[in-house]
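A.B. asks: If you scroll down you'll find the structure; I have some questions about it.
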Amino acid sequence: MCACAVACIAAGAEAQDDQRARLHFESGASYYEAGEYEDALREFQRAYDLSHRPQLFYNLSLCYQNLGDLPQAASYLERYLAEVAEIENRANLEIRLRNLRERIAREQAGEPEPEPSPETTETAEPTTTTTTAVETTSTTTTTEPIAPVPPREAPLNVPAIAGFSVAAAGLLTAVIFGPLTIAEDSSLSNGCGATRSCTDGDLSTMRAFAAVTDVGLGVALAGAAVGVIFLIVGPGEADTSERAAIDVVPMASREGAGIVIGGSF
Numbered sequence: 001m002c003a004c005a006v007a008c009i010a011a012g013a014e015a016q017d018d019q020r021a022r023l024h025f026e027s028g029a030s031y032y033e034a035g036e037y038e039d040a041l042r043e044f045q046r047a048y049d050l051s052h053r054p055q056l057f058y059n060l061s062l063c064y065q066n067l068g069d070l071p072q073a074a075s076y077l078e079r080y081l082a083e084v085a086e087i088e089n090r091a092n093l094e095i096r097l098r099n100l101r102e103r104i105a106r107e108q109a110g111e112p113e114p115e116p117s118p119e120t121t122e123t124a125e126p127t128t129t130t131t132t133a134v135e136t137t138s139t140t141t142t143t144e145p146i147a148p149v150p151p152r153e154a155p156l157n158v159p160a161i162a163g164f165s166v167a168a169a170g171l172l173t174a175v176i177f178g179p180l181t182i183a184e185d186s187s188l189s190n191g192c193g194a195t196r197s198c199t200d201g202d203l204s205t206m207r208a209f210a211a212v213t214d215v216g217l218g219v220a221l222a223g224a225a226v227g228v229i230f231l232i233v234g235p236g237e238a239d240t241s242e243r244a245a246i247d248v249v250p251m252a253s254r255e256g257a258g259i260v261i262g263g264s265f
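According to full-length UniProt numbering, the residues represented by the sequence shown are 1 to 265, in order.
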């Protein structure tokens, strides 16, 4: 149960980081569309710090290019091409990266920029609109849409898996010790049970088997309940301060066995 709680808290924290990253990304997109590239750069960087998604390197590259920092623009574009596997317009972006490197080399050599010529046609993501990007001097800006960050894959529901695993272990225990209990009861019925002369010592083995069977069934039910709860709620939908908490305590005595379940929802 402790492992379930730790996993649940970790998943909740990850979901909160994703939500905060999404807010920073949307804020950065608004700043970018308004031409406020420094503010857009700040928000995209915060989104990356929270999500660590390499798709954001493309947006950072655009911001640096519009701010005139070509080395940083080339660096982030290179990282984007290297770390993101599926890019629809990869060929166009590789051309852009070469153009950026050529411009950087010309600036470092003190060579003048060539005459502008609208020769590079790029397909913007994620739309199908075709825009013409003319790269002239370091102050050239690009107004193509920024790349949206794809949603993160749903996190593995570790608490639900742990609950169902506990349920399976409890069920296996009951399946093993249930038949042993029945066999021991049958043996006693053919022996001292026939004359009703069984002592506590004679009954101790059967009672132990029965207690283990009861505990196994109880743990199976409790584990299944926990698994279903977290399967419905999800690993990160509830706030950590209001998260469901469940305690399962096995109990056994001479009169029988079972479990005590307590919690808050």
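The beta carbon of each residue, even a glycine, is placed where N, CA and C say it ideally should be. Since this is a predicted model, take the numbers as computed values, not measurements.
My understanding is that L56 touches L77, with C-beta atoms under 8 Å, so please give their C-beta distance in whole angstroms.
C.D. replies: As a working note, residue 56 is residue 56 in the sequence shown. As a working note, residue 77 is residue 77 in the sequence shown. Incorrect: roughly 12 Å between the Cβ atoms, too far for contact.
A.B. asks: Alpha carbon to alpha carbon, how far is E26 from F177? Give it in angstroms, no decimals.
C.D. replies: Against the sequence shown, residue 177 aligns to sequence position 177. Against the sequence shown, residue 26 aligns to sequence position 26. Computed Cα separation, rounded: 58 Å.
A.B. asks: DSSP three-state call for Q65: helix, strand or coil?
C.D. replies: In the sequence shown, residue 65 corresponds to position 65, counting from 1. Three-state result, Q65: helix.
A.B. asks: Locate the alpha helix (DSSP H) running through E38, then write down its first and last residues.
C.D. replies: To locate residue 38, count along the sequence shown from 1; it is residue 38. 37-51 is the span of the alpha helix (DSSP H), which, as asked, contains E38.
A.B. asks: I'd like to check one pair, L81 with A73: are the Cβ atoms closer than 9 Å?
C.D. replies: Residue mapping note: residue 73 aligns to position 73 of the sequence shown, counting from 1. Residue mapping note: residue 81 aligns to position 81 of the sequence shown, counting from 1. Against a cut-off of 9 Å, the Cβ pair of L81 and A73 comes out as no contact.
A.B. asks: Taking the C-alpha atoms as reference points, what is the distance between C8 and P71?
C.D. replies: Here residue 8 corresponds to residue number 8 of the sequence shown, with the count starting at 1. Here residue 71 corresponds to residue number 71 of the sequence shown, with the count starting at 1. Bear in mind that a pLDDT of 47 at C8, under 50, signals an unreliable position, so the number given afterwards is only what the model happens to contain. Rounded to the nearest angstrom, the two C-alpha atoms are 42 Å apart.
A.B. asks: Identify which residue in Y48, V84, T195 has its Cα closest to the Cα of L23.
C.D. replies: As a first step, residue 23 must be located in the sequence shown, where it is residue number 23. Comparing Cα positions, the closest option is Y48.
A.B. asks: Using three-state DSSP, classify P179 as helix, strand or coil.
C.D. replies: One-based indexing of the sequence shown puts residue 179 at position 179. P179 falls in the helix class under three-state DSSP.
A.B. asks: Looking only at its own chain, which residues have a Cβ that is under 7 Å from the Cβ of A160, when we skip the five neighbours before and after it?
C.D. replies: The residue labelled residue 160 in the question sits at position 160 within the sequence shown. So the qualifying residues of the chain are G227, F230, L231.
A.B. asks: So I87 is in the alpha helix (DSSP H); what residue range does that whole segment cover?
C.D. replies: For this step, residue 87 is matched to residue 87 along the sequence shown. Per DSSP, I87 belongs to no alpha helix (DSSP H) and is neither H nor E.
A.B. asks: Give me, in chain order, the residues of the same chain whose beta-carbon lies closer than 7 Å to that of F209; leave out the 5 immediate sequence neighbours on both sides.
C.D. replies: In the sequence shown, the residue the question calls residue 209 occupies position 209. Closer than 7 Å at the Cβ level, and outside the excluded window around F209, lie F177, L180, T181, E184.
A.B. asks: Just how far apart, CA to CA, sit T195 and S189?
C.D. replies: By 1-based counting over the sequence shown, the position of residue 195 is 195. By 1-based counting over the sequence shown, the position of residue 189 is 189. Cα to Cα, the separation comes out at about 9 Å.
A.B. asks: Rounded C-beta distance between E38 and L67? I'm assuming under 8 Å.
C.D. replies: The residue given as residue 38 occupies position 38 in the sequence shown. The residue given as residue 67 occupies position 67 in the sequence shown. About 7 Å separates the two Cβ atoms, so the contact holds.
A.B. asks: Taking the straight line between their C-alpha atoms, what separation do you get for P112 and R98?
C.D. replies: Residue 112 sits at position 112 when you count from the first residue of the sequence shown. Residue 98 sits at position 98 when you count from the first residue of the sequence shown. When rounded, the distance between both Cα atoms is 17 Å.
A.B. asks: Would S51 be called buried (16 or more neighbouring beta carbons within 10 Å of its own) or exposed?
C.D. replies: Translated into positions along the sequence shown, residue 51 becomes position 51. The residue is buried, with at least 16 neighbouring Cβ atoms inside 10 Å.
A.B. asks: Let me know the secondary structure DSSP gives A34 once reduced to three states.
C.D. replies: The count along the sequence shown starts at 1 and reaches residue 34 at position 34. A34 falls in the coil class under three-state DSSP.
A.B. asks: So what does DSSP say about L221, is it helix, strand or coil?
C.D. replies: Against the sequence shown, residue 221 aligns to sequence position 221. In this structure, L221 counts as helix in the three-state DSSP scheme.
A.B. asks: Tell me the DSSP secondary structure of Q55 in three-state form.
C.D. replies: Start at 1 with the first residue of the sequence shown, and residue 55 comes out as number 55. In this structure, Q55 counts as coil in the three-state DSSP scheme.
A.B. asks: Going by other Cβ atoms of all chains shown within 10 Å of its Cβ, with 16 needed for buried, is T199 buried or exposed?
C.D. replies: Here residue 199 refers to the residue found at position 199 when the sequence shown is read from its first residue. Result: exposed.
A.B. asks: Could you tell me which of V215, L203, S187, A220 sits nearest to V166, measuring between CA atoms?
C.D. replies: Along the sequence shown, one-based indexing puts residue 166 at 166. Among V215, L203, S187, A220, the Cα nearest to that of V166 is on A220.
A.B. asks: DSSP state of T173, grouped into three classes?
C.D. replies: Position 173 of the sequence shown, counted from the first residue, corresponds to residue 173. The answer is helix: DSSP assigns T173 an H, G or I state.
A.B. asks: Within this structure, are the beta carbons of V84 and Y58 separated by less than 9 Å?
C.D. replies: For the purposes of this step, residue 84 is taken as the residue at position 84 of the sequence shown. For the purposes of this step, residue 58 is taken as the residue at position 58 of the sequence shown. Yes, the pair counts as a contact, with Cβ atoms nearer than the cut-off.
A.B. asks: Going straight from the alpha carbon of T139 to that of D17, what length do you get?
C.D. replies: As a first step, residue 139 is located in the sequence shown; it is residue number 139 there, counting from the start. As a first step, residue 17 is located in the sequence shown; it is residue number 17 there, counting from the start. Per-residue confidence for T139 stands at a pLDDT of 38, beneath the threshold of 50, marking its modelled position as unreliable; no derived number is given.
A.B. asks: Please determine, among G110, L41, L171, the residue with the shortest C-alpha to C-alpha distance to A222.
C.D. replies: Looking up residue 222 in the sequence shown gives position 222. The option with the nearest alpha carbon to A222 is L171.
A.B. asks: Using the Cβ count rule (16 or more neighbours within 10 Å means buried), how would you classify L156?
C.D. replies: Translated into positions along the sequence shown, residue 156 becomes position 156. Exposed.
A.B. asks: Tell me which same chain residues have a C-beta within less than 6 Å of the C-beta of R79, skipping the five on either side of it?
C.D. replies: Sequence index remark: in the sequence shown, residue 79 carries index 79 (1-based). Excluding residues within five positions, the ones whose Cβ falls inside 6 Å are F57.
A.B. asks: Which same chain residues end up closer than 6 Å to G216 when comparing Cβ atoms and leaving out the 5 residues on each side of it in sequence?
C.D. replies: Taking the sequence shown and counting its residues from 1, the one referred to as residue 216 is at position 216. Excluding residues within five positions, the ones whose Cβ falls inside 6 Å are G170, T173, A174.
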